[in-house]
Amino acid sequence: MTQTSQTFLGMPAASPEEQPHTGGWRTNVEVPQDTLRWGHTFPEGAHKTLANTQMRRNLGHATRTIRNKRQLRVDEMPDWEDLREAAEAVKFEVASRLPELLEQFEANVTAHGGIVHWARDAAEANRIVADIIKSKGIDDVVKVKSMATQETNLNEYLADEGITAHETDLAEMIVQLADDMPSHIVVPAIHRNRSEVRGIFLDRMGDAPEDLSDKPEELAGAARAHLRRKFLHASVAISGTNMGIAETGTVSIFESEGNGRMCLTLPDTLITLMGIEKLVPRYQDAEIFAQLLPRSATGERMNPYTSMWTGVTPGDGPQEFHLILMDNGRTKVLTDPIGRQALACIRCGSCMNICPVYQHTGGHAYGSVYPGPIGSILTPQLTQGLADDDPVHTLPFASSLCGACAEVCPVKIDIPTILIHLRARSVDVKRRLVPDMWDVAMNAATPVMSNGKAWLAATEGVKATRLIGRDGRIGALPFPASLWTRSRDLPVAPKESLRQWWKRTHPEGITPARSGLGAAQSTATKENR
Amino acid sequence: MRIALFATCLADTMFPQAAQATVTILERLGHEVVFPQGQACCGQMHANTGYFKQAAAIVENHVKTFEPVLDGEWDAVVVPSGSCAGAARHEQRLVAEHVGDSALVKRVDALSPYTYDISEFLIDVLGLEDVGAYFPHTVTYHPTCHSMRVARVGDRPYRLLRAVEGLTLIDLPDENVCCGFGGTFSIKNSDTSTAMVADKAANVMSTGAEVLCTGDYSCLMNIGGALSRVNSGVRVMHLAEILASTKEAPFEGHVSFQPSNDQVRL
Ligand code: SF4
Chain A
113 MTQTSQTFLG MPAASPEEQP HTGGWRTNVE VPQDTLRWGH TFPEGAHKTL ANTQMRRNLG
173 HATRTIRNKR QLRVDEMPDW EDLREAAEAV KFEVASRLPE LLEQFEANVT AHGGIVHWAR
233 DAAEANRIVA DIIKSKGIDD VVKVKSMATQ ETNLNEYLAD EGITAHETDL AEMIVQLADD
293 MPSHIVVPAI HRNRSEVRGI FLDRMGDAPE DLSDKPEELA GAARAHLRRK FLHASVAISG
353 TNMGIAETGT VSIFESEGNG RMCLTLPDTL ITLMGIEKLV PRYQDAEIFA QLLPRSATGE
413 RMNPYTSMWT GVTPGDGPQE FHLILMDNGR TKVLTDPIGR QALACIRCGS CMNICPVYQH
473 TGGHAYGSVY PGPIGSILTP QLTQGLADDD PVHTLPFASS LCGACAEVCP VKIDIPTILI
533 HLRARSVDVK RRLVPDMWDV AMNAATPVMS NGKAWLAATE GVKATRLIGR DGRIGALPFP
593 ASLWTRSRDL PVAPKESLRQ WWKRTHPEGI TPARSGLGAA QSTATKENR
Chain B
3 MRIALFATCL ADTMFPQAAQ ATVTILERLG HEVVFPQGQA CCGQMHANTG YFKQAAAIVE
63 NHVKTFEPVL DGEWDAVVVP SGSCAGAARH EQRLVAEHVG DSALVKRVDA LSPYTYDISE
123 FLIDVLGLED VGAYFPHTVT YHPTCHSMRV ARVGDRPYRL LRAVEGLTLI DLPDENVCCG
183 FGGTFSIKNS DTSTAMVADK AANVMSTGAE VLCTGDYSCL MNIGGALSRV NSGVRVMHLA
243 EILASTKEAP FEGHVSFQPS NDQVRL
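Listed in order, the protein sequences are those of chains A and B. Heads up, the first sequence is in the working numbering, so the first residue is 113 and it goes up one at a time. Heads up, the second sequence is in the working numbering, so the first residue is 3 and it goes up one at a time.
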């Protein structure tokens, strides 16, 4: 394998038998303490991931495939825009009536035999889960893929408490086996290709067949056999939810593989962790999202498995159902009238699949389990990490504001506008006493750009500052311009400025005679003396 | 018609060609162009970097400069940049709202309907697709994100280009993917920006076109800088420069790039 021949500086070469068969690339992500805040800035994260050419190929291929499938399935819907508007309206209603809807939801879950817990933050949520599991006297549980539990770093917490939580979603299982972090909210192992998956299975999945190839059917077969054993002896399952319905107290999971359905039906006890924003008011509202979500997320017309449950049903499915309603920063997000739109997110992943920044850097660069465009607006709000000494504050700047994300978002979240808004909030809370380079640049440009006379003087000066050296090449530019010139050439400033040209071609400021409008000419004279 | 030209800060300092070409087209079509003094910038760079307070002062200046259009001094404000037209409709309002200046919000709202990107003005106001241009070259067009998604100029630039005599328009693969400029993004996230523009440049080169055209000079500067770095031999031109070209007077103002001998030197 190529790895054995590579020794990186400062990294001792491992002996061949310790080398995992991960197809050429091993994760270099350390599982963070705080999964919303891994500790690096976006530019630092991106610098590292951009160098990973294998990951970029995997990602480019996978995002293009999903994007194309999504487009196909969206194009065949005559009422797609109406559906998006309906979804946006429902989510707006949820944000405006959240407290009463939550109370209604709690009452209905309880009325149907469920047990509702409230968690202010991740630590509280994790403790509640661990206590329930311990009360059953077991140390082994199965899990449905869930962003809420990723957000609280539940698996790590449970491991510290002596409890093993087995991810049963195929991609999530790959990430877990590889001691990796998810790189996408729908397709957590999107950064891996199948030869890497084969390697991970051979190294880490004790019961993988020795002659396992990297054919998708064989990989899925090995995972199925491995997981079947877990399902059959699990007595407690943990899930998140795609949607809670206030009117009925119903909770739901939309999935593709059926592993979720196994977890939701076989064990005696089911624990569901839900962010408080994942509500819809009425049962009928589910219809809208059941159409938007699968088409947006995986390009399927319908989810192969849609599970909905309301409390407990004697003799059918889990006989004990715990629902944990978690805030973890969400009520703070609600207080920002522009930023709160981010809470409408249904975690479909469309915005990251279309985002050219995400496509190049991958999810790990964002330093949060919520990557991509939605992560760039959600993470800084959940953590309130907008001060300039917090690495999280770089996330709203991790976008070229191209707007592709807003175009595909099924709930019409205006991500670019929120990005700009959060940048402004970040600039407003700067903690530094000494202005940084951006303060200096922006403040210096303002009086010039907001005053015509000053601007005129400055533009006349551009020629004088042409950056051409004696040899006709542009000289070494100081930071930050060097960040531009290391990959791009610079345009040559014009010999004649626009105003000089105007004076030359419009003498006395009078426009050419062919326009023949006397009044206008005098205007021009006045404006262009 | 009497048309006020908003040259944009970038055209004013670095790329006068786009503004000159806009003037040339409009005058050739028999209209009068005036150049309102006092203009500087639409405030987009400050707003997009989060400096809203500073942006508000710039927006205020912009509005003050072009407000005479409301009194009939001119018929319209035309700008050779979809991005700045978009800023007049979107970012300027955002800025005014953020700083809590409701009077400025009203003034921005009043002015923005009079502001047109050159492609919108030619097609929507003048009702023209064929503006009498002649440009015997192969061209590929990058629609630029802000023209496309903020200003929503739609297919207007394509319609104008298709009507140019002698011009062969070649489709650009992945044309609606961002080139990675994003204003200060290109500096704050220069690694990522570089990766994005490399893709864009590769797509441009794959078309074999002689000229890359856009309706925004910022993106043209970014892609052009990358194309120049690899000595691609592709020229970059603003939409207005192509539309300004005629048999009698080919537009000569295309931008040139200088290689930099400054390799990573922070
Ligand atoms: S922000 Fe929109 S597109 Fe992105 S994951 Fe959420 S719902 Fe999907």
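Beta carbons: idealized from backbone N, C-alpha and C, even for Gly.
Range of the contiguous alpha helix (DSSP H) that encloses residue i
i	result
residue 27 of chain B	18–30
residue 250 of chain A	That residue, residue 250 of chain A, is in no alpha helix (DSSP H); it is neither H nor E in DSSP.
residue 178 of chain A	165–187
residue 399 of chain A	398–409
Where residue i falls: helix, strand or coil (DSSP)
i	result
residue 640 of chain A	For residue 640 of chain A, the predicted model reports a pLDDT of 37, less than 50, meaning its position is unreliable; a value from the coordinates is still stated below. Residue 640 of chain A: coil per DSSP, three-state reduction.
residue 294 of chain A	coil
residue 70 of chain A	Residue coverage of chain A in this structure runs from 113 to 641, which leaves residue 70 of chain A outside it and unanswerable.
residue 250 of chain B	coil
residue 259 of chain B	strand
residue 579 of chain A	With a pLDDT of 47 at residue 579 of chain A, under the threshold of 50, the modelled position of that residue is not reliable, and no figure is offered here.
residue 446 of chain A	helix
residue 70 of chain B	helix
residue 244 of chain A	helix
residue 278 of chain A	strand
residue 5 of chain B	strand
residue 81 of chain B	strand
residue 75 of chain A	No information on residue 75 of chain A is available, as it lies outside the stretch 113 to 641 that chain A covers here.
residue 364 of chain A	strand
residue 338 of chain A	helix
residue 165 of chain B	coil
residue 219 of chain B	helix
residue 177 of chain B	coil
Distance, residue j Cα to residue i Cα
i	j	result
residue 134 of chain B	residue 217 of chain B	18 angstroms
residue 610 of chain A	residue 7 of chain B	12 angstroms
residue 45 of chain B	residue 251 of chain A	59 angstroms
residue 13 of chain B	residue 253 of chain B	16 angstroms
residue 433 of chain A	residue 217 of chain A	14 angstroms
residue 136 of chain B	residue 157 of chain B	20 angstroms
residue 150 of chain A	residue 504 of chain A	9 angstroms
residue 392 of chain A	residue 200 of chain A	11 angstroms
residue 446 of chain A	residue 438 of chain A	14 angstroms
residue 194 of chain B	residue 107 of chain B	35 angstroms
residue 111 of chain B	residue 73 of chain B	15 angstroms
residue 230 of chain A	residue 237 of chain A	8 angstroms
residue 351 of chain A	residue 415 of chain A	17 angstroms
residue 530 of chain A	residue 154 of chain B	19 angstroms
residue 418 of chain A	residue 363 of chain A	11 angstroms
residue 163 of chain A	residue 145 of chain B	29 angstroms
residue 257 of chain B	residue 230 of chain B	11 angstroms
Other residues of its chain near residue i: CB distance less than 6 angstroms, five sequence neighbours each side excluded
i	result
residue 595 of chain A	none
residue 542 of chain A	500
residue 288 of chain A	279
residue 309 of chain A	286 and 331
residue 300 of chain A	283, 284, 287 and 294
residue 475 of chain A	295, 296 and 483
residue 470 of chain A	464 and 484
Closer than 7 angstroms: residue i CB and nearest ligand 3 heavy atom
i	result
residue 408 of chain A	In the structure shown, ligand 3 is absent; the only ligands present are ligand 1.
Residues near residue i in its chain [Cβ-Cβ closer than 7 angstroms; skip 5 each side]
i	result
residue 139 of chain B	169, 212 and 213
residue 97 of chain B	45, 49, 54, 57, 58 and 61
residue 584 of chain A	Note that residue 584 of chain A scores a pLDDT of 44, beneath 50, so its modelled location is shaky and nothing firm can be said.
residue 219 of chain B	12, 13, 17, 20, 83 and 240
residue 578 of chain A	Confidence at residue 578 of chain A is low in this model, with a pLDDT of 46, below 50, so its placement is unreliable and no value can be given for it.
Delimiting residues of the beta strand (DSSP E) encompassing residue i
i	result
residue 469 of chain A	That residue, residue 469 of chain A, is in no beta strand (DSSP E); its alpha helix (DSSP H) goes 468–473.
Contacts around residue i, its chain only, beta-carbon distance under 8 angstroms, and the 5 residues preceding and following it disregarded
i	result
residue 324 of chain A	310, 313, 314, 330, 331 and 334
residue 576 of chain A	Bear in mind that a pLDDT of 41 at residue 576 of chain A, under 50, signals an unreliable position, so the model cannot answer this.
- Contact list for the region 185–218 of chain A against chain B, Cβ threshold 9 angstroms: If the cut-off is 9 angstroms between Cβ atoms, the region 185–218 of chain A has nothing near chain B.
- Item | Under 8 angstroms (Cβ pairs) to chain E, residues found in the region 183–198 of chain B | Among the protein chains in the structure shown, which are A and B, there is no chain E.
- Task: For the region 45–77 of chain B, enumerate the residues whose C-beta is nearer than 7 angstroms to any C-beta of chain A, in chain order.
- Result: 48, 49, 50, 51, 52, 53, 54, 56, 59, 60, 62, 63, 67 and 75
- What residues in the region 18–49 of chain B have a beta carbon less than 7 angstroms from any beta carbon of chain A? 18, 21, 22, 29, 32, 33, 34, 35, 36, 37, 38, 39, 40, 41, 42, 43, 48 and 49
- Query: Along the region 142–158 of chain B, what residues have a CB closer than 7 angstroms to any CB found in chain A?
  - Reply: Within the region 142–158 of chain B, the qualifying residues are 147, 151 and 152.
- Below 8 angstroms between beta carbons is the criterion; list the residues of the region 219–246 of chain B that meet it against any residue of chain A, in chain order. 223, 224, 226, 227, 228, 230 and 231
- Query: For the region 596–609 of chain A, which residues have a beta carbon sitting closer than 9 angstroms to at least one beta carbon of chain B?
  - Reply: 596, 597, 598, 599, 600, 601, 602, 603, 604, 605, 606, 608 and 609
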